[in-house]
Structures are given as C-alpha cells and as structure tokens.
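Undergrad:
Numbering (our numbering), first residue to last: 1008 to 1144.
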C-alpha cells in the first residue's frame, strides 16, 4: 500500500483535494465503517473520530469504490482529522483480551497491515503540512 498522499488546497484554501489510490480509500473506508458499526453510541463515535454519525456516513459514501482507479476527493480540514483519527483508533478494535493486538483479523478486515494504516495516518498529516502555506512565504 502506498502511504503517501497528495493534498492540494482548493481555491478558497479551506478544503483540500486528496489524490487517493484505491487501497488507501478502501482502508480509510473500512476503518470508518468498523468504528461506526460499534454499539458504543454516538458519544464514543465522537470521542474516537471527532465527528458525528452523519459526517462518518458521508465520508464512507465518498470513499466508495470507483472502479479501482485513483481519484481526487475533496475534504475539509475537520474531515481530514476524522480520517486520521479513524486510522489511529481502528487498531483498538482488534485487541484480544483488551490488551494484545491481533494482526491477522486487522489485516483481513481493514485490508492492510497496522503499520500501513499508521503510515497512512502520518502521510495525511505530512501532506497537510506540505499543502498549507508556510507563514512568511
């Protein structure tokens, strides 16, 4: 899985267009769907993702399969936060006995290894740093 993404600010500078490979979009979508499906309720969803159920549902729809092609998807900064949070929080759904991470079920459900999900989360943060104009430039 490629873990680097490219973010391009939109014309207003408040949203960003992300170029996502199919494997990236799929991992993000699977993480969101798993975190959304829990029976913990909306308060826990907001804690884990910083977003409400409607926002998560919209992101899941937008990340849906597009015929196996890379594509550009616009995201607000808060939606990028939700995606980053999903990648970092989803591993907690795969703790055996509340303590030991279980790699095989994670890979089967999310479609990548945990280190790839972590690297993609870092890739989102790095891409945002690169896309934002630096002060004084």
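We put the CB at the ideal spot given by N, CA and C, even for glycine.
None of these values were measured; they are calculated from a predicted model.
(1) For the stretch 1056–1067 against the stretch 1105–1124, do three or more pairs of beta-carbon atoms, one drawn from each stretch, fall closer than 8 Å, so that the two count as touching?
(2) Could you tell me the distance, in whole angstroms, from the CA atom of residue 1013 to the CA atom of residue 1119?
(3) Is it the case that the Cβ atoms of residue 1066 and residue 1089 are separated by a distance below 8 Å?
(4) Within a Cβ cutoff of 7 Å, which residues of the same chain sit near residue 1144, ignoring the five residues on either side of it in sequence?
(5) Since I believe residue 1016 is in contact with residue 1077 (beta carbons under 8 Å), could you give me their beta-carbon distance rounded to a whole number of angstroms?
(6) Three or more beta-carbon pairs under 8 Å between the stretch 1036–1053 and the stretch 1017–1024, yes or no?
(7) Cα-Cα, which of 1138, 1139, 1051 is closest to residue 1093?
(8) Let me confirm a value: residue 1037 is counted as buried when at least 16 other C-beta atoms fall within 10 Å, else exposed. Which label applies?
(9) Counting only the same chain and skipping the five closest in sequence on each side, list residues whose C-beta sits under 7 Å from that of residue 1131.
(10) Would you grab the beta carbon distance between residue 1010 and residue 1079 for me? Rounded to a whole angstrom, and I think it's under 8 Å.
(11) Using only CA atoms, which one of 1031, 1107, 1049 lies nearest to residue 1129?
(12) Residue 1135 and residue 1034 - do their beta-carbons sit closer together than 8 Å?
(13) My output table needs one value for residue 1026: the three-state DSSP class, helix, strand or coil.
TA: By the coordinates alone:
(1) Flag = no, the stretch 1056–1067 and the stretch 1105–1124 do not touch.
(2) Approximately 20 Å between the Cα atoms of the pair.
(3) Yes; because the gap between Cβ atoms is below 8 Å, this pair is in contact.
(4) The predicted model places residue 1144 with a pLDDT of 49, which falls under 50 and marks its position as unreliable; any figure quoted below should be read in that light. Result list for residue 1144: empty, nothing under 7 Å.
(5) The C-beta distance from residue 1077 to residue 1016 rounds to 19 Å, too long to meet the 8 Å contact threshold.
(6) At 8 Å Cβ cutoff, the stretches do not touch.
(7) The residue with the shortest Cα to Cα distance from residue 1093 is 1051.
(8) With 16 or more Cβ atoms within 10 Å of its Cβ, residue 1037 is classed as buried.
(9) Result list for residue 1131: 1012, 1087, 1090, 1091, in chain order.
(10) Contact check for residue 1010 and residue 1079: beta-carbon distance about 18 Å, past the 8 Å limit, so the pair fails to qualify.
(11) Looking at 1031, 1107, 1049, the one whose alpha-carbon comes closest to that of residue 1129 is 1031.
(12) Their beta carbons are not under 8 Å apart, which means residue 1034 does not touch residue 1135 by this criterion.
(13) In the structure shown, residue 1026 falls within a strand segment according to DSSP collapsed to helix, strand and coil.
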